[in-house]
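Down below is the structure, laid out as structure tokens.
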Amino acid sequence: MSATRLSQGGRIDRSCELAFQWDGKGLSGYDGDTLASALLANNEWVVARSFKYHRPRGVMSAGVEEGGALVTLGSGAHRDANVRATTQPLFSGLEAFGQNAWPNVRTDLGEVNSLFGRFFAAGFYYKTFMGVPPLEWGRGTWLWMQYEKVIRRAAGMGRASREPDPDHYEHANAFCDVLVVGGGPAGLAAAQVAAEAGLDVMLVEQDSKLGGDTLNHPAAADADRLAAISALETLGCRVLTHTTAFGLYDGGVAGLLERVTDHQSIPSVHQPRQRFWTVRAKHTVLASGALERGMAFGNNDRPGVMTVNAARAYMQRYGVRVGDKLVLSTNNDSVYAAASEFAKSGAEVCVLDARARVEPAVTEFAEASGVRVEFNTAPYTAHGRSPVSGLTTARADRDGWALGDRMECDALLVSGGWSPVVNLLSHRQVKSVWDASLACFLPADTDEPLSLAGSAAGVWNTEDCVRSGEAAGARAAQALGRSAPTVSAPAPGGWATPIKAVYEVRVPGKSEKCFVDPQHDVSTEDVRLAHREGYVSVEHMKRYTTLGMATDQGKVGNIIGLALMAEALGREIPEVGTTTFRPPYTPVALGALRGRHVGAHFRPLRVTPLHQWNLDHGATMTMAGLWHRPWYFARAGEGISEAYVREATTVRESVGLVDVTSLGKIAIQGPDATELLNRVYTNPFAKLAIGKARYGIMLRDDGLVMDDGTTWRLGEHDYFMTTTTAHAAKVMVFLEELLQTRWTDLKVHLTSVSEQWAGVAVAGPCSREVLEEALADPSVVSNEALPFMGVVETRFKGDIPVRIARISFSGERAFEAYVPSDYAPSMMDLLWPAAEARGGCLYGLEALGALRIEKGHVTGAELDGRVTIDDAGLGKMASKNKHFIGSALAKRPELEREGRAQLVGIFPVDKSKRFNAGSLLTDGTVGDGHGEGWITGVTHSPALGHWIGLGFIKGGASAWHGKRAVATDPVRAEDVDVEIVSPHMYDPNGERMHG
Amino acid sequence: MSSFECTDMTRYSAWSVFKNGLTGQRNWGRAWRDPEPKPQYDIVIVGGGLHGLATAYYLAKNHGQKRIAVLEKGWLGGGNAGRNTTIVRSNYFMPGNRAFYEHSLTLWEELSHELNYNVMFSQRAHISLLHSPAARDAAARRYNTMRLSGSDGELWDLPTLKAAVPHLNYAEDARFPIIGAAVQRRAGTARHDAVAWGYARAADQLGVDIIQNCEVTGVQRDGDNVSRLQTSRGDIAAGKVGFAVAGHTSRLWQMAGLGNLPIESHKLQAFVSEPLKPLLDQVVVFGVGGAHFYISQSDKGGMVFGGDLDWYKSYAQRGNLPIVQDVAEAATSILPCLGRVRLLRHWSGVMDMSMDGSAFICKTPLSNLYLNAGWNYGGFKASPASGWYFADLIANDRPDPVIAHFDLKRFERGVVIDERGAGPDPKLHG
Amino acid sequence: MIRIHCPFCGERDHSEFAYGGDGSVVYPALDASAEAWHDAVFLRENIRGLQVETWQHVNGCRQWLRVERSTVTHEITSVQACHPGVATVLESEQ
Amino acid sequence: MAELATRRSALDGHVPADHIGEPGAVGVNLAVTREVQLWQVAAWPDTVDAVAKAVGSVTGAQAPGPRLAISGPNAVALRVEPLKWWILNAEPPTVASEQGAVVDLSHARTQVTLSGPAAADCLMRHLPLDLREESFPVGSVASTAFHHVGVTLWRNDAGIAVFLPRGFALSLWQLLLETAAQFGARAQID
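Chains as they are written, first to last, in my numbering: chain F, 107 to 1101; chain E, 28 to 457; chain P, 3 to 96; chain U, 1024 to 1213.
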């Protein structure tokens, strides 16, 4: 009554014993085991509990299709839920736990759910839990949410860690001529033929070893496998094992997941846990194999019920025979080799073949080994709990099935037919074609550079698979222009006796719980209920019953569900439909998909050449798009508020320096540069003199404001444009689009020189003196030589080239100086002592904001993509004498309507009060809830001595003269009476910057 | 009630579930009939998605209309109804949008009772993470508008957020440190398929013919009037016709000979992880540094999430790898524990992306043709109000003031209802 | 991943490119009417099938490209530089 | 400051002196060029030949065609865009604006050269380009995306030179070092 680790055979290394923990229990296995084979060898039959009814679940397969043996691996931050025990290589020190059960999977109190199973039919939750039972009285969602809490706790499978994942992952890119998916006989043959034709071939295999199903054959057959592997090595074919091709995408691109260290006991800290490959192949051969499916019969989910080929794998590959007394149930020829191998190893074996008769050659060999065969027989229901102890059979009769006999067994092995793995083809939205004679979906033809080979193409015999692989390899070679021997691909099939389609064994008048999707506890009755209720399209059935939506995506259960629905509808399977498999083929950790782009590297950080210099001088940084920029430079005892007020005050009183490198900078060169600028800016640029700069506004095509900035004329055909930090890339791309697609007659080159030039603004009454001290020739910045909006190219001391414009964002006398980036720290080492000597300061974004709000200068907070140039108070910059980008659509009636919200300044009525940006401006009533306007920015104005703001309000300042306005901010529970004023709140005539 | 078999099981309740449990679940009837199309209807709605079904339901329920058909080319709810991340919220602030989405949210709150179908609307709160004072102020404006117009909205500081969602990435060296959140507590998630089925069943009970596998292949005009629709199941004459076929609006529009629309079809991917025990109780939204990401956990335990469009026009319901990577980067950067959580499936839906990110519910150049389109990312949450106002428009042949600007002429007038301020580029309105 | 054959750089992942939009739109002259601009800026044929569209090889040679691509299968049938002068230069050098 | 100011690379102070990562052999060498000299020369579509000649006169060799670099006795030219060349380590030619345009990008890019047996593998962990010797031989030039940032590559006798936009250089450098650790690596600046 138990599984046995055989003393010999298999592909495990019995000299290398591995200790591991299962649910706190110390067990051991061997190198080469999977967790599943090791658990079976230790007679651990119940390894999981099902989703809904908490029925005991054991190992049902030996591969990725596993719907039963899902466990949790590791603990703490390394905890990994829902791991398939059947694909997890065993390593020394592995820790695994049962999940979805309490106190443990062997004794789970959740099993009480099974008692109420009759009420938990598919979709029952759509019909209740809305209100107070029994008749769902009540309103709203409150009651549902109480039920939902309980439901959520019961649902879910494993428990994920809440701690940050401590592992790292990476991406990798690869290119090849031919990508072969699957390292079974067909894949190996395809790779070899393609490589022999001189192609660059990559072969990926999800298993730890190459060989595919031949690994489940007696080890004596290994010669062919090893020869094929060494041939690939000689040919220089790239082979990745532990690697799953999880998705096929456009352009011949495949996504692969390589599990680099998941099978290692103590991985190197420098190796990633997993690697996500993006492979671009010119041709792809899918040799992804086929999966054996079961049949629906009573208690077919019990531990001890598994596929025949799984049991064969456990014996031939892992040296574990799952029982002494084995019953095999089949509807096809594929089980007889395994049956005779079991018998030869000493087990008592009985095959129940659902067919009336088979070709004698099929059973001869097995029977000679002592296998008993009963025809017209199938399991009706399994008995025993964990594992099964026997079964009651059903006998085929004219009307279907009739109750048969009771038999004893240690394990019930089932083969309901084979399903080619067409999932990757399905990712390409190629629908597969039903083949009634083979009872499976076969891959359909496609125009894409894809070939199917081996059992993925419905070829059942190993020799045929090899030939099928050779044919696919040759086809790939020929498609890529190489000569290769023409090999004719074998036709699908290969069984001596046709399969008999058996999906469910049901005896009239009897009912047992028969599972279609064991992981989600979807039963045959659920499918029939979906039919009764009209959820008959395959997608409705799937969604209503949740069939095929578990972690195996219905790899084996879907066909049974389709067959049952077809039967209920009295139609054929293809008329019900096929399911579309979505990537990934097997689930992929998000960590692998993100690679190294996480945490601090989620997005690349952009820093200015002054970054370190700023930090060294006390900067606190803030983010601005991808940039880090100085926010404020706190001195001892200061917080942000004290610091920025001091900085802004210093700028108005003496001088301040601020890093403005992050502004976008574009070199605009060529004979038509002036024409380009004149077309994209709203204001005239045709007559800007060399050595002058001009502030400009750009609109979008739809007439709303896109960006602002200054453009400097350095030469006849040579301009230097600055954009806002936020829109630098967007402006560059838009100008490139204009020149390359719309105005191709203009000779203009654009080059982003944002990275070439580091900039600092020197602002304040003492700004000129500071510059003079740093310049080789101080006279170039005198008021006469460099009047407001003048531009000069000159040198700092130390022979540092610099271009300087006298422009001002602060409203003070100010200059922007740009030097080649590598010289930026040297520039600051010249400017800063000069500024410091005059009581100057370094300032950051917060003070910059305070200064610009005082002046009513707009930034991204105001230019939010919804305002017109008039709204922003810049209407005078829109030329009436020329057409420019946006000028046509800016004239649409709503955009020119009277009473639109206009840029204004905002003062508190009580000057001791502050108010918040993001507040709405109202007339004191709620109105329609949208208010009369809104506040975009606030600051404590050092110059005015109270809080001020910028914002928009209907009609602008003039309409609100003498009227009450309220800055209302319900989310911060503040209402402040405010006065609406001109946005130019400080030095409205601009006298300070002209001197 | 026409041909619908009315049994005492028609009404869903704990009682009916109990009784059916005792009788082997044999007495449930069809959720909706499978009628043959009739040659003529008063009103034909093209599109058996959420918007079409809701429209038919409210036409029958609110406006007493009879002889209504919904034509669906495939299976009900097979478009974006079945391919979204199920988020329901009303944090819109532009005039029109604000009232519209708020009305939708109030309809959601009673929808399970209204339809007698549990759509599992769970008001688990919608949390938009904030990363800078500027972002907080922009959110304040939006949420203040919500508050002032009778909705709910809050700004959370960091301690409040940490208490509610302790396992977000609060590290100071995070690329975009979190400073707080803007929160709508009444927002949440619903079971997307259930909404389609619930509307279908409720509409069917009011006599609406829901006809699946019925593709419109031609629109026959009689001057400025639609006279009949050619379908894969025969010609159908209609008094009034409503189009509600997200993703494919342009095709029908052109079948009707109406030229071009301010719409492009783009695809948006959605993602679900393996099922897990409760890990996240709220909807969390992240948008900074050019990234856009939203995540919640379904009742079944899957983490359901999504990000941006694939950035290029497409009618293909399949996604590509760059967005898969982007979304995984965002997911694990804000919830670092998700690194080991596995993606189970990713798929994509086809969106009507409009030029300003806002929808159309409007009359058309044809006197008896009405348009419901351009839902961008927002279609799921909008569906109850969309059906409500579209039904009202069709029944009364005039737009309710709330949808006054949901018309095709707004771009000629220069009306700006652009929630993102992104301008006339459909792909930017995610 | 769509693979785009850039006439300068060769075949590359679409992630290096930025999608522009409908390449059949002819933008009117700056002095054209608001109606003409409205149609160009706001109305789209939204083809289901082969369409001409623009992409910029933004992380490559920065060329704006005119690409013929199916919006259903994503298959690309032709790519050329939008700028006729650049297209000529590339043709002569390939 | 009477003496000439010195240039400061974006990676100054960020180049580890010790062996990086996996002990043993060095799989990747990462060398930062401290002072890059890089000029861009652009032509108009109808002046490509003339500008190519001007570029050639500076490098002392023919101007390279698309995706190529050609090293002349005096300097190297890289063809980076259909109408643009980069000239390394030399003063640019004089080009009248009717012929084209010249702009200095010496400070705009940070040059890192990867060499060693795993250099291409290390870069291909990040770049969607086939950098194996046979596909990207010496003299090849390509621009691509490195974590959303545009970078330009050139394989020369010393290895694969990567030109990183200066502001992103540090961030991308950190990613390269992280990746290089699995191969065993050394870094240097000069």
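Virtual Cβ for every residue (Gly too), placed ideally from N, Cα, C.
By the three-class DSSP mapping on this structure, what secondary structure does residue i have?
i	result
Asp35 of chain E	Its pLDDT being 43, under 50, Asp35 of chain E is placed unreliably by the model, and the measurement read from it follows with that caveat. If DSSP states are grouped into helix, strand and coil, Asp35 of chain E belongs with coil.
Asp335 of chain E	strand
Ile72 of chain E	strand
Phe471 of chain F	helix
Phe840 of chain F	helix
Asn1143 of chain F	Residue 1143 of chain F is absent from the structure shown; chain F starts at 107 and stops at 1101.
Pro466 of chain F	helix
Ala396 of chain F	strand
Met1147 of chain U	helix
Asp419 of chain E	helix
Measuring only between beta-carbons, confirm whether residue i sits less than 9 Å from chain U.
i	result
Glu37 of chain P	no
Ser72 of chain P	no
Ala34 of chain P	no
Phe281 of chain F	yes
Just reading off the beta strand (DSSP E) that residue i is part of, what are its end residues?
i	result
Arg1209 of chain U	1208-1212
Establish whether the CB of residue i and some CB of chain E are separated by less than 9 Å.
i	result
Gly23 of chain P	yes
Phe921 of chain F	no
Thr75 of chain P	yes
Is the shortest distance between the beta-carbon of residue i and the beta-carbons of chain P less than 9 Å?
i	result
Gly286 of chain E	yes
Leu348 of chain E	yes
Ser259 of chain E	no
Determine whether the Cβ of residue i lies closer than 9 Å to any Cβ atom of chain F.
i	result
Trp984 of chain U	Lying before the first or after the last residue shown, residue 984 of chain U is absent from chain U, which here runs from 1024 to 1213.
Gly1139 of chain U	no
Asp1153 of chain U	yes
Mind listing the chain P neighbours of residue i? Cutoff is C-beta to C-beta under 9 Å, in chain order.
i	result
Arg278 of chain E	Asn48, Arg50
Leu382 of chain E	Residue identity check: residue 382 of chain E is Met in the sequence provided, not Leu. What Met382 of chain E touches in chain P: Val43, Phe44, Leu45, Arg46.
Lys100 of chain E	Chain P residues near Lys100 of chain E: none, gap ~14 Å exceeds 9 Å.
Applying a beta-carbon distance threshold of less than 8 Å, which residues of chain F neighbour residue i?
i	result
Thr359 of chain E	Asp271, Leu696, Gly697, Arg700, Val704
Trp59 of chain E	Gly640
Gly87 of chain P	Thr850
Trp57 of chain P	Result: empty, since nearest Cβ-Cβ is about 11 Å, beyond 8 Å.
With a threshold of 8 Å (Cβ to nearest heavy atom), would residue i be considered close to the ligand MG?
i	result
Val192 of chain E	This structure lacks the ligand MG, and indeed carries no ligand of any kind.
Could you check where the alpha helix (DSSP H) with residue i kicks off and where it finishes?
i	result
Lys189 of chain E	185-191
Who are the neighbours of residue i on chain P, taking C-beta pairs under 8 Å?
i	result
Ala834 of chain F	Simply none; closest approach about 13 Å.
Counting only Cβ-Cβ distances shorter than 9 Å, please list the residues of the stretch 891-904 of chain F near chain U, keeping chain order. Phe902, Lys903, Gly904
May I ask you to list, following chain order, the residues of the stretch 1172-1184 of chain U that have a beta carbon less than 7 Å from some beta carbon of chain P? Gly1173
Positions along the stretch 431-452 of chain E whose CB lies within less than 8 Å of some CB in chain P: Taking 8 Å as the Cβ-Cβ cut-off, the stretch 431-452 of chain E approaches chain P at Phe438, Glu439, Pro451, Asp452, given in chain order.
For the stretch 151-177 of chain E, enumerate the residues whose C-beta is nearer than 9 Å to any C-beta of chain F, in chain order. Arg151, His158, Ser159, Pro160, Ala161, Arg163, Asp164, Ala165, Ala166, Ala167, Arg168, Arg169, Tyr170, Asn171, Thr172, Met173, Arg174, Leu175, Ser176, Gly177
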